[in-house]
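In our numbering, the protein residues as written are 325 to 717. By construction, the Cβ of each residue, glycine as well, lies at the ideal position given by its N, Cα and C atoms. Note sheet for the following structure.
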Amino acid sequence: MRTILITGPGGSGRTTVAAATALAAARRGTRTLLLGADRDDSLGAVLGVRTGPAPSTVEPRLTVWRPDPAQGFRDGLTALQDRAASALDLLGAARLDPEELTPLPGADELALLRALRDAALADGRDDHELLVVDLPAAPRALALLALPEELRRYLRRLLPPERQAARALRPVLGRLAGVPMPAEALYEAAARWDLELAAAEAVLADRNTVVRLVAEPGPAGADAVRSATLGLALRGLRTDLLVANRVLPEDTPADSWLTGPLTQQRKALEEWQGTYDVRTVAHLGRDPRGADDLAALAAPGVNPDVTPVEWPVTDRLAEDGVLVWHIPLPGAIRDELDLIRRGDELVVTAGPFRRIVPLPSALRRCTVAGAALREGVLAVRFTPDPRLWPQSR
């Protein structure tokens, strides 16, 4: 199943474009699932129908699903209380009733990730060929897309696999150390969370998953697209298209007040067309509502030509005595880049974004020798560490 994750600056019309994209695909004969997580049901307002936690058919071959984060939070916490029942009883703690539970910050993001995972894993059972996801605005979307990898890393640091492997010795170790050891339920919960996060991470990393940016052509849209592109690249996520939304007609009268915005629009489009695969969606002169308006937008369909994101390692040992790790970071600024080697990981900071990535196996036996940014690609040089590098005979 193909997956299109749609995001963009706040107020750019990304929800409208997501709905129009899903509707257009369905009308072309593709069995499509449209997924959103906005509590205000903005998807339903655009489509002209109500959406909710139960998947509903809007048109032939188009299903819309808007999971309820509050219910997901209640179900998850109730299940956690059930698993920890003995510990809660021992402590004399009173259980919380589902009716009194209010979702904490982040519940929306976790609900959307869970729904994304469930929708992708249902491939072949629910008979969908395309999944279109209406993500939050770009800053929140980037944090959401980073969440599975970051949480899995935290779990590995808190409960490393080697410690989990020794959990059968927990009672003995507890007596020898004289301190309480983690309960078996903790290891089981960590393993379960890791599997769930790994499934969500696999969906994002799948070769059939792409991110589609939506923005209005103009100074603010250009800045937001540049920042979002950098954040997505640092995460290794693929972008297929940049949708320039609400494009004004070129035949606008010269004395119209729209002349200024039209000039800014032309400049932004010229810049984008030299960098991105741009598709334009015209301004209807009103807020689109209902299937007829969405069809009139002529949203772009699935883009079959998506270049995979790669971070290749080049062997230049024979020529220069180094290995070079190429990290594509389009839009990165040299003064806003920072690299820190920490054990077998590299901490990469690019503008407001930061990612901790494990080093490829060959580079773990090397030391960082320098880095350079050229044409949107960060080249990090590594020299073999004589203490760790295999010696040639």
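With 16 or more other CB atoms across the displayed protein chains lying within 10 angstroms of its CB, residue 612 is buried. If you look at residue 380, you'll find it isn't in any alpha helix (DSSP H); it sits in the beta strand (DSSP E) that goes 380-383. By the criterion of a C-beta distance shorter than 7 angstroms, residue 669 is surrounded in its chain by 680, 681, 682 and 683, once the five residues flanking it on both sides are discounted. Between the alpha carbons of residue 370 and residue 694 lies a distance of about 51 angstroms. Distance check between residue 513 and each of 524, 482, 539 and 529 places 482 closest, using alpha-carbon atoms only. According to the DSSP assignment, residue 595 belongs to no beta strand (DSSP E) but to the alpha helix (DSSP H) extending over 583-597.
Taking C-beta atoms as the reference points, residue 605 and residue 649 fail to come closer than 7 angstroms. Inclusion of residue 555 and residue 647 in the CB contact set at 7 angstroms is not warranted, their separation being larger than that value. In this structure, the straight-line span from the alpha carbon of residue 368 to that of residue 545 is close to 25 angstroms.
Just so you know, the alpha carbons of residue 338 and residue 712 end up roughly 50 angstroms apart. Nearest C-alpha to residue 562 among 540, 551, 542 and 534: 534.
The three-state reading of DSSP puts residue 543 in helix, counting H, G and I together. For the pair residue 376 and residue 391, the Cα-to-Cα distance works out to about 6 angstroms. A straight-line Cα-Cα distance of about 36 angstroms links residue 663 and residue 588.
Residue 550 and residue 584 have their C-alpha atoms roughly 22 angstroms apart.
For residue 433, the closest C-alpha among the options 454, 464, 531 and 381 is that of 464. With fewer than 16 neighbouring CB atoms inside 10 Å of its own CB, residue 582 falls in the exposed class.
Following the DSSP letters along the chain, one finds residue 662 inside the beta strand (DSSP E) bounded by residues 661-666.
By the Cβ-count criterion, residue 473 is buried, with 16 or more other Cβ atoms from all chains shown falling within 10 Å of its own Cβ. Fewer than three beta-carbon pairs drawn from the stretch 631-647 and the stretch 572-580 are found closer than 8 angstroms, and the two stretches are therefore not classed as touching. In this chain, the alpha helix (DSSP H) harbouring residue 477 covers 462-482. Contact check for residue 625 against residue 444 fails: the beta carbons are separated by 7 angstroms or more. Excluding the 5 residues flanking it on each side, residue 379 has same chain C-beta neighbours closer than 6 angstroms at 387 and 389, in chain order. Judged by DSSP secondary structure, residue 644 falls within the alpha helix (DSSP H) whose first and last residues are 641-644. Residue environment analysis places residue 671 among the exposed positions, since fewer than 16 neighbouring C-beta atoms fall within 10 angstroms of its C-beta. Only buried fits residue 336, as 16 or more other CB atoms lie within 10 angstroms of its CB. Under the three-state reduction of DSSP output, residue 692 falls in the strand class.
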